[in-house]
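Notes to accompany the following structure.
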Amino acid sequence: MSRQTQGAVLLVLGATLLSISAFSTTYLNYVRPGFRPLIVGAGAVLAALGLLSVVADMLGRPRAHDHGSRVAWLLAAPVFALVLVAPPALGAFAARRDDGSPARSRTAAHDALARSGVTELTLGEFIGRAYAPSSPTLAGRKVRLIGFAVPGEGGRGWYLTRMQVRCCAADALALEVAVHGAPAPAEDSWVAVTGTWVPWPDGVPDEYAVPDLTATEVSGIEQPTEPYE
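Right under this line is the structure:
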């Protein structure tokens, strides 16, 4: 691989990183927002090094045919694929294959919710409040949750779901709430669900169980810019 080809590949890699982070929010499909400065910085460095390498090679020696450079461009094929066919954020397919359960705190204190009106909560906070050891703050309160729809097995009910990530999509964990009282939306469609928590019939379970919500309103929404919690 010639020096000029090496520089061109670096330039393409850097430009791709910049295109998904500095000039769009595509990077949020793969990592948490806090990684943006690092991705932008890495893209800028790669692009600068690539440009300098190409220019230095062009000024330093006469042009010559290098048949090996054609093969070297195959290294950039995954990059072009990322630009042309960007993988979407994780959805129902990934949620069905998640065999973990959300870490929940039985000691965390939660502020009381408003007695009237609707309070918007993340799925993570809703699940945490549902598992409060005593005097659940969700009891009798109307809440609004946002996520995507995942049909239950065998068409039995559906779940409002959102993926939670600590670092990137590779460590994603599915947060789920079973929705009752409303027909299932299309799979992977993003919806806002307003309703009330269904208290545990026998108190907070020892083993993890998906909390239930009785819906009073389900409305379709656009996918949030930041798809993960």
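Residue 157 in numbering that gives the first Met the number 0 sits at position 158 of the sequence shown, and the numbers go up by one each step. Note that beta-carbon positions come from the ideal geometry of N, C-alpha and C, so glycine has one too.
- Going by DSSP, Pro36 is part of the alpha helix (DSSP H) stretching over Arg35 to Gly59.
- Residue Leu89 holds the alpha-carbon nearest to the alpha-carbon of Gln163 among Ile19, Leu89 and Leu17.
- Around the Cβ of Ile19, a 10 Å sphere holds 16 or more other Cβ atoms; the residue is buried.
- Under the three-pair Cβ rule at 8 Å, the region 170-190 counts as touching the region 209-220.
- Rounded to whole angstroms, the gap between the alpha carbons of Val11 and Pro226 is 27 Å.
- Only residues of its own chain outside the window of five on either side were considered, and among them Tyr130 and Pro132 have a CB closer than 7 Å to the CB of Val203, listed in chain order.
- Inclusion of Val142 and Thr160 in the CB contact set at 8 Å is not warranted, their separation being larger than that value.
- For Val197, the enclosing beta strand (DSSP E) starts and ends at Trp189 to Val197.
- Where Gly6 is concerned, the enclosing alpha helix (DSSP H) starts and stops at Arg2 to Ser20.
- CA-to-CA, the gap between Gly13 and Gly116 works out to about 48 Å.
- CA-to-CA, the gap between Thr4 and Leu144 works out to about 50 Å.
- In the three-state scheme derived from DSSP, where H, G and I count as helix and E and B as strand, Thr213 is classed as strand.
- A straight line joining the alpha-carbon of Gly123 with that of Leu172 spans about 11 Å.
- The beta-bridge partner set that DSSP reports for Gln222 is empty.
- Within the same chain, Cβ atoms closer than 6 Å to the Cβ of Leu45 are found at Leu9, Leu12 and Gly13, the five residues on either side in sequence being excluded.
- Taking a contact as a CB-CB distance under 8 Å, the pair Pro135 and Pro198 counts as one, their CB atoms being some 7 Å apart.
- Around the CB of Ala7, 16 or more other CB atoms lie within 10 Å, so the residue is classed as buried.
- Nearest Cα to Val30 within the set Pro87, Val53 and Gly59: Pro87.
- For Thr25, no pairing in a beta bridge is given by DSSP.
- Here Leu122 carries a helix assignment [DSSP, helix/strand/coil].
- Secondary structure note for Arg95: its alpha helix (DSSP H) is the uninterrupted segment Ala91 to Arg95.
- In the DSSP assignment, Arg155 forms no beta bridge with any residue.
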